[in-house]
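Chemist: Dumping the structure here so I can ask a few things about it.
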Amino acid sequence: AQSVTQPDIHITVSEGASLELRCNYSYGATPYLFWYVQSPGQGLQLLLKYFSGDTLVQGIKGFEAEFKRSQSSFNLRKPSVHWSDAAEYFCAVVPANQAGTALIFGKGTTLSVSS
Amino acid sequence: DVKVTQSSRYLVKRTGEKVFLECVQDMDHENMFWYRQDPGLGLRLIYFSYDVKMKEKGDIPEGYSVSREKKERFSLILESASTNQTSMYLCASSLDGYNEKLFFGSGTQLSVL
């Protein structure tokens, strides 16, 4: 079955430190990949997406993610975390070349930022 | 900006009631979705629709049905609400078939007592 795994339920990072949130997927073929963020009490916002091309993609708010086909991973990174980055982060996938389907989301990783 | 509007932010219903959750989008999007969000479980897909009068079951359709009579409106129906359907319900829409970008509503927090 197709699935998305975010191994870390909760991560705490010091402000100014680097961040990496993990995402692994299980699909027959390379899917389209997304990261969404949900700040407390807010709706979901798209951070970045990967469809094809350069495997390192840049997003909003200084985030980037790297697609690694060999590891079936799409990890999210940020070099220096700000207190405002505290939120819940969701990785999502949709089958490539298969229109008319829906995004499948991981269970999310909650990021806390300590001062 | 695309707007996805969910009719209620908070809703309290009793077990056995029929519940309608309404969602309207204003950007002529083809695709619309209903997810529920529960702590520790992320977003789980209930139903989606990629055309008017078309619907597809998601991962957890049991106990739910949907209606899409008009392109801009996608309704989620709980035929007989149960306590395990207490959850945050999120509606979303997208323009293209690959869901390059989903636009989410602000959610409806449903409590079933």
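Respectively, the protein sequence lines represent chains A and B. Counting in the working numbering, the first sequence runs from 15 upward without gaps. Counting in the working numbering, the second sequence runs from 3 upward without gaps. Here a beta-carbon is modelled for each residue, glycine too, at the ideal position from N, C-alpha and C.
With 8 Å set as the bound, which would you pick, yes or no: does the beta-carbon of residue 75 of chain A sit closer than that to a beta-carbon of chain B?
Modeler: False, the Cβ-Cβ gap to chain B never drops below 8 Å.
Chemist: Our contact map puts residue 94 of chain A next to residue 32 of chain A with C-beta atoms below 8 Å; I'd like the distance itself, whole angstroms only.
Modeler: 7 Å
Chemist: Do you know whose CA, among B:31, B:66, B:53 and B:55, lies nearest residue 47 of chain B's CA?
Modeler: B:66
Chemist: With respect to the beta strand (DSSP E) encompassing residue 33 of chain B, which residues constitute its N-terminal and C-terminal limits?
Modeler: 33–40
Chemist: Can you tell me which of B:89, B:62, B:8 and B:41 puts its alpha carbon nearest to the alpha carbon of residue 115 of chain B?
Modeler: B:89
Chemist: Which two residues bound the contiguous beta strand (DSSP E) that contains residue 69 of chain B?
Modeler: 66–69
Chemist: Per DSSP, residue 52 of chain A is paired with what?
Modeler: A:58 and A:102
Chemist: Inspect the CB distances between the segment 104–114 of chain B and the segment 46–61 of chain B and report whether three or more fall short of 8 Å.
Modeler: no
Chemist: Name the one or two DSSP bridge partners that residue 75 of chain B has.
Modeler: B:26
Chemist: Cα-Cα, which of A:84, A:79 and A:59 is closest to residue 101 of chain A?
Modeler: A:59
Chemist: Taking Cβ-Cβ distances below 9 Å as the criterion, which residues of the segment 54–65 of chain A are in contact with chain B?
Modeler: 56, 57, 58, 59, 60, 63 and 65
Chemist: Check each candidate in B:86, B:29, B:98 and B:93 and name the one with the smallest Cα separation from residue 9 of chain B.
Modeler: B:93
Chemist: For residue 71 of chain B, which residues from the same chain have a beta carbon less than 8 Å from its beta carbon, with the 5 sequence-adjacent residues on both sides left out?
Modeler: 54 and 55
Chemist: Ignore the nearest five residues each way along the sequence and tell me which others in residue 20 of chain B's own chain have a CB closer than 8 Å to its CB.
Modeler: Apart from sequence neighbours up to five positions away, the residues of its chain that approach residue 20 of chain B with a beta-carbon distance below 8 Å are 79, 80, 81, 82 and 83, ordered along the chain.
Chemist: Could you check if residue 106 of chain A is buried or exposed, using at least 16 other CB atoms within 10 Å of its CB as the buried criterion?
Modeler: Under this definition residue 106 of chain A is a buried residue.
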